[in-house]
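Residue numbers (UniProt numbering): 1 to 257.
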C-alpha cells in the first residue's frame, strides 16, 4: 500500500540558518553604502601608509658593524614608486568617481557606473598584485647603483601596509558595486513611457528613511473629502417588543402603557 500523499502549500523551504542569514545580508540595501565607506577608508589609509620598508645596517652609512639590522629603516610612500604611482592614482580617481555615480547619481547611469567600477577594480587589483613582487625584492629607497656595491645582509626589504590597504579597499569597493544591483530597464518603449519621470520612486531605500512610496508613486496633497450626516443607529423589525406601534424605538426601561 503506497504511503498517503502529502500536500504542501507556500514557497519551498530555504536552506539552513546560515544560508538564510547570508541571503538576508546580501539583500540588505544598507550593506552597499557601508561597504563603500569601508573601502574608502582603506584607500585613504593606503595613501597615508608606507608601501615599503628598507632596513639597513649602520655599517652601510659608516657606522659600527655591530648595529642591528633594523637600526635605520627607510620608508617608501605612494609618491616614491615612480610610474606605479601614476597608474595607481589614475585608477583610483576613476574608481572613486564611478562609485560616487553608482551610489548617488541618477538611475539612468548607475548600470554603466557599476560596470566601470567592477572593471576598474579588476585592473587595479591586477596592478597591485604585480607591484607586490617588486616591493618584496627591489628597494625603491636606495639607488639601483648603490645596491650592487652593498654586501649581502646589509639591508632587508619588506612590504609596507599601503599595498595591503590598497588591495583591500579596491576589493571592498568591487564588492559594494556587486551588491548595488539596479532594477532592470523596461524592455519596450511603451513600458518606459509608463514609468514615472521622477527617479525618486526608484531610488535606493537607504536614501529615503521614510520608506518606499505608494504603489502608484504619488501621495495625495490634500485629505480626501468626507461627508458626515445623520443615520439611524438601529433598524427596527416588525413585531419587535422594543418598538412602539409607529415603529419608534422605545429604549431600555421605557414601557408603553
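Where is the CB? At the ideal position from N, CA and C, for every residue including glycine. Owing to the predicted nature of the structure, the values given are computational and were not obtained by experimental measurement.
Determine whether the beta carbon atoms of residue 163 and residue 128 lie at a separation below 8 Å.
To locate residue 163, count along the chain shown from 1; it is residue 163. To locate residue 128, count along the chain shown from 1; it is residue 128. Cβ distance < 8 Å, so residue 163 and residue 128 count as in contact.
Taking only the alpha-carbon atoms, compute the straight-line gap between residue 35 and residue 157 and give it to the nearest angstrom.
Sequence index remark: in the chain shown, residue 35 carries index 35 (1-based). Sequence index remark: in the chain shown, residue 157 carries index 157 (1-based). One C-alpha to the other measures close to 33 Å.
Using C-beta distances below 7 Å, list every residue in its chain close to residue 260, excluding the 5 sequence neighbours before and after it, in chain order.
The chain is shown only over 1 to 257; residue 260 falls outside these bounds and no answer can be derived.
Rounded straight-line distance, which links the Cα of residue 85 to that of residue 45
The residue labelled residue 45 in the question sits at position 45 within the chain shown. The residue labelled residue 85 in the question sits at position 85 within the chain shown. Computed Cα separation, rounded: 15 Å.
Roughly how many angstroms lie between the CA atoms of residue 57 and residue 165, to the nearest whole one?
Within the chain shown, residue 57 is the residue found at index 57, counting from 1. Within the chain shown, residue 165 is the residue found at index 165, counting from 1. Computed Cα separation, rounded: 28 Å.
Should residue 114 go down as buried or exposed, given a rule of 16 or more other Cβ atoms within 10 Å for buried?
Numbered from 1 along the chain shown, position 114 holds the residue referred to as residue 114. It is buried - the Cβ of residue 114 has at least 16 other Cβ atoms within 10 Å.
Can you tell me the Cβ-Cβ gap for residue 90 and residue 169, rounded? I've got them flagged as a contact below 8 Å.
For the purposes of this step, residue 90 is taken as residue 90 along the chain shown, with counting starting at 1. For the purposes of this step, residue 169 is taken as residue 169 along the chain shown, with counting starting at 1. At roughly 16 Å, the Cβ-Cβ gap does not stay under 8 Å, so residue 90 and residue 169 are not in contact.
At what residue ranges does the region 67 to 93 contain a whole run of the beta strand (DSSP E), taking only runs of 3 or more?
72 to 76
Separation of residue 97 from residue 33, as counted between CA atoms:
Counting from one through the chain shown, the residue named residue 33 turns up at place 33. Counting from one through the chain shown, the residue named residue 97 turns up at place 97. Linking residue 33 to residue 97 through their CA atoms gives a straight-line distance of about 14 Å.
Assuming residue 49 and residue 155 make a contact with CB atoms under 8 Å, what is their CB distance in whole Å?
Taking the chain shown and counting its residues from 1, one reaches residue 49 at position 49. Taking the chain shown and counting its residues from 1, one reaches residue 155 at position 155. Not a contact, Cβ separation roughly 21 Å.
DSSP on residue 141, reduced to helix/strand/coil?
Locating residue 141 in the chain shown gives position 141, counting from the first residue. Three-state result, residue 141: coil.
Do residue 268 and residue 99 have their C-beta atoms closer together than 8 Å?
The question about residue 268 has no answer here: the residues shown for the chain are numbered 1 through 257.
Quick check on the burial criterion: 16 or more other C-beta atoms within 10 angstroms. Buried or exposed for residue 263?
Here the chain has residues from 1 to 257 only, and residue 263 is not among them.
Looking only at its own chain, which residues have a Cβ that is under 6 Å from the Cβ of residue 72, when we skip the five neighbours before and after it?
Here residue 72 corresponds to residue number 72 of the chain shown, with the count starting at 1. Around residue 72: 56.
For residue 54, write down the residues that DSSP places opposite it in a beta bridge.
Within the chain shown, residue 54 is the residue found at index 54, counting from 1. Looking at the DSSP assignment, residue 54 forms a beta bridge with 74, 157.
Within the same chain, show all residues whose beta-carbon is closer than 7 Å to that of residue 77, passing over the 5 residues directly before and after it, in chain order.
The count along the chain shown starts at 1 and reaches residue 77 at position 77. Taking residue 77 as the centre and dropping the five residues before and after it, the same chain places the C-beta of 50, 51 closer than 7 Å to its C-beta, in chain order.
Quick check on the DSSP output: the alpha helix (DSSP H) that includes residue 40 runs from which residue to which?
The residue given as residue 40 occupies position 40 in the chain shown. Residue 40 -> alpha helix (DSSP H) spans 31 to 48.
Return helix, strand or coil for residue 27, following the three-state DSSP convention.
Taking the chain shown and counting its residues from 1, the one referred to as residue 27 is at position 27. Residue state, collapsed to three classes: helix.
Taking 8 Å as the cut-off, decide whether the C-beta atoms of residue 53 and residue 122 are in contact.
Mapped onto the chain shown, residue 53 falls at position 53. Mapped onto the chain shown, residue 122 falls at position 122. Not closer than 8 Å, so no.
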